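Report on the following structure.
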Amino acid sequence: MKAVFRTLVSFVATLVIVATLFGCASPPLTVAEAPLTIGEDFIFINSLHCNRDKSVAAMGYVGDPTAFGGMGIALHSNDLGLTWHRAELGAGAEKLDISLVELPGKNRDSREQLYASGYKRELSFSDDKRPGPWWTSTDGGRSWLQSSALYPLPVSNLAEFTVYRGVLTIPLPQISVVDEQGTLLTIRGGTDSRSWVNTGKLSANSLLRSTDGGQNWTVVPSQNVSKLTTIVTNGRGHAVVAGSLGTAPRQTTNFVFWSDDSGATWTRASLPNPLPEWQQGLPVMRSVLLYGNPDHVVIGYSFASIYRSEDGGRTWQGPLTLQGEGNITAMTGDSKGRLVALMASGAAMVSSDWGKTWERRQTGIQVSPQEGMTGTDSMLISAGNGVIVGVRYSRFTRSTDWGETWNTVDSQLPAKRYRLRIACTDGHGLIVVGGDWGMLTRSVDWGATWQRAHLAE
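Offset between the sequence shown (1-based) and my numbering: plus 5.
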């Protein structure tokens, strides 16, 4: 009877998702306004990579967002992200939402090795999403060869996906080098292959560890971890990761885990003065995020609250609440203690002492009341030489003095509401920014001016 009930609830949840897809999938702009389109379809960019040879690679999905067909796509640019060419993937890219990663490892040759895979975009009455094949490129994404499994993508469930205007975005997780021997760590989501919608339990996450350059991976035990965030590491064996513990969506507690043996074992550190109950009860997708160097200070932030650790994540102080500006939507910083946080209000908060004290700065980004005070569709891109580019939907603002002063700049993209969530830089002036609905623009002068990309005929 319980199985029948779970199947019924899963069916209802699927209908709700379908209604969401078809009801909210109308594009915020027309095909003619978008830089990257094929026929009447938009190209959704999941990942960008600025290569050492000044070329740029991209991966994503092309198709009608109200349907589950379409095709995974690989793109390559030889002119610093202005003109893009389609790279051949061959069989296996059908209905696939693809992302690329640069798989780090010891004793790599001089060629830049990129890897790409993703999840199938299919409508089914199961919560499971099937992974696709892997491709590898040794020429910066100009050409791709399908290869055997290089990284154990699990069967994932729908609860791990972000539903936004009808698009299921499934980027691959970060892969981090944690020591001089090339030990790798990454995060795998949805290991129970079920969502809390039809089981009453949150989908578990796992930490994966590899000591042979990514050929084989082992699961690091972590009890009842329902959500993990980006791994922070110093590259010499110390790593920190934040997460939430619990078995139900409104019965979770935020924690931080640290390791000093390259991720073989992890120790749990509690955050002091937990967030208010109304914040703890929100979905664990809003759990603590991390920024920092574990050699010194690690910064955790959730909503408008800042946590600090001065011993690599072992013990924590806080929270310090940044009031009056809504939530923190993005953060970046440098190795000298300077931090910049972009707020939901559109303003920036800056710190020069690793987050002990903060001051407000106006960025020039105007946020309408309809966008609210909790928006998260933001990026802060640290381009080098003190240059930071802040992105809030289609609006760009730029600072050349680590967030002290800002000027709005024209992104050359339509002034409408869509997600720009992917960026890459080369540290020499190139910044490429992309996202949903065919959006892609680039700068070669540290973000002072921008040119919208286009697809070659």
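Idealized CB from N, CA, C, for every residue including glycine.
All values derive from a computational prediction rather than experimental measurement.
Enclosing beta strand (DSSP E) for residue i [first to last residue]
i    : result
I427 : L425 to T430
L347 : L344 to M348
R147 : Taken as a continuous stretch (DSSP letters only), R147 belongs to no beta strand (DSSP E), as it is neither H nor E.
V438 : I436 to G440
T223 : T223 to V225
V303 : V303 to S307
V67  : V61 to G68
L101 : L101 to V106
R319 : Element bounds for R319: n/a, residue is neither H nor E.
A353 : A353 to S356
I370 : I370 -> no beta strand (DSSP E), and no H or E assigned at all.
T413 : N412 to V414
V449 : Where V449 is concerned, there is no enclosing beta strand (DSSP E), given that its DSSP letter is neither H nor E.
S181 : I180 to V182
Collapsed DSSP secondary structure at residue i in the structure displayed
i    : result
E38  : helix
T402 : strand
K125 : strand
G389 : strand
L87  : coil
L276 : coil
F4   : Nothing can be reported for residue 4: it is not among the residues displayed for the chain, which extend from 6 to 462.
W140 : strand
N210 : strand
H81  : strand
H433 : coil
Y312 : strand
E330 : coil
S383 : strand
G95  : coil
N239 : coil
Q456 : strand
R57  : coil
M444 : coil
L158 : coil
W483 : Outside the displayed range of the chain (6 to 462) lies residue 483, so it cannot be described from this structure.
R135 : coil
T495 : Here the chain comprises residues numbered 6 to 462, so residue 495 is not present and cannot be evaluated.
R422 : coil
Whole-Å CB distance - residue i paired with residue j, under 8 Å assumed
i    : j    : result
V355 : L344 : 7 Å
V449 : G434 : 5 Å
V237 : V303 : 6 Å
S122 : P138 : 7 Å
S383 : A335 : 4 Å
T368 : T337 : Rounded, the Cβ-Cβ distance is 13 Å, inconsistent with contact.
W359 : G317 : Incorrect: roughly 13 Å between the Cβ atoms, too far for contact.
R126 : E185 : Not confirmed; about 40 Å, so no contact.
R366 : A349 : With 8 Å as the limit, R366 and A349 do not qualify as a contact, their Cβ atoms being about 15 Å apart.
L445 : G452 : Not quite, the Cβ-Cβ distance comes to about 15 Å (not below 8 Å), so this is no contact.
Any non-hydrogen atom of the ligand ADP closer than 7 Å to residue i Cβ
i    : result
S350 : The ligand content of the structure shown is nil, which means the ligand ADP is not present either.
Minimum Cβ-Cβ distance from residue i to chain D less than 8 Å
i   : result
D58 : Although the question refers to chain D, the structure presented lacks it and comprises just one protein chain.
Check whether the segment 44-53 touches the segment 404-421, counting contact only when three or more Cβ pairs, one atom from each stretch, lie closer than 8 Å.
no
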